[in-house]
């Protein structure tokens, strides 16, 4: 790990908690290891492998905030995707996985209707210019163009498609595809997995300079990142509760 990265500064790979949902035991891990910050050796691969090996989960969920891609998603929407892809155009562009994608099995959606009713309690904390209640977008394992996109650069969707994200997926973030890569390497021993991401900032209008657009995205994230995360947290609960 490079000097100055969060994990080295904190002297830990992350923090964890255990809980139960119904009769299911759940391990929650907040990582301080990040693909975007750890350095060129990608130790986050080893972190994922260690977690899976030690916990022996039947389902792994990677979750958090993400930037929306396209006009169809709004702040608070949740993408539930068993398919992730890399879009590495910077520090990892020469890696063999730079444009790879990985898929798992379909999400169990039987509790999602209940999850959406729970969204209502949080609706007042979301942007006033949202045009509707938050949705759960369920992606198929073959739905590459609706996937969660992992970039190795800080990019966000703009109405003029500055970062060329449109058509790659529904949201972009900076780490989920590592789980897909690890699962592929594990082969038949890999557990099922899902990427569950909430839209914390939407497509930004291409007005003013790119720096100004970035500031708009950051402002929306600062104001609604936490509240939009309530939706993905509820969806994670629903995904686990639906497991047999």
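Numbering (UniProt numbering), first residue to last: 1 to 244. Glycine is no exception: its CB is placed at the ideal position from the N, C-alpha and C atoms.
Check your understanding: Should residue 82 go down as buried or exposed, given a rule of 16 or more other Cβ atoms within 10 Å for buried?
Key -> buried
**Study point:** Element boundaries [alpha helix (DSSP H), containing residue 240]
**Key:** 210-241
Point to revise | Inter-residue Cα distance where the pair is residue 236 and residue 19 | key: Approximately 13 Å between the Cα atoms of the pair.
Check your understanding: Span of the beta strand (DSSP E) holding residue 122?
Key -> Where residue 122 is concerned, there is no enclosing beta strand (DSSP E), given that its DSSP letter is neither H nor E.
Point to revise | Those residues which DSSP pairs with residue 204 across a bridge | key: 158
Review point. What residues in its chain sit with their C-beta under 8 Å from that of residue 15, if we drop five residues either side in the sequence?
Key: Once the five neighbours on either side are set aside, the close Cβ partners of residue 15 are 29, 30 and 32.
Point to revise | Euclidean distance between Cα positions of residue 6 and residue 64 | key: 17 Å
Review point. In three-state DSSP terms, what is residue 187?
Key: helix
Check your understanding: Are the segment 214-228 and the segment 39-51 touching, with three or more C-beta to C-beta distances below 8 Å?
Key -> Too few Cβ pairs lie closer than 8 Å, so no.
Point to revise | Other residues of its chain near residue 91: CB distance less than 6 Å, five sequence neighbours each side excluded | key: Cβ neighbours of residue 91 beyond the five flanking positions: 152.
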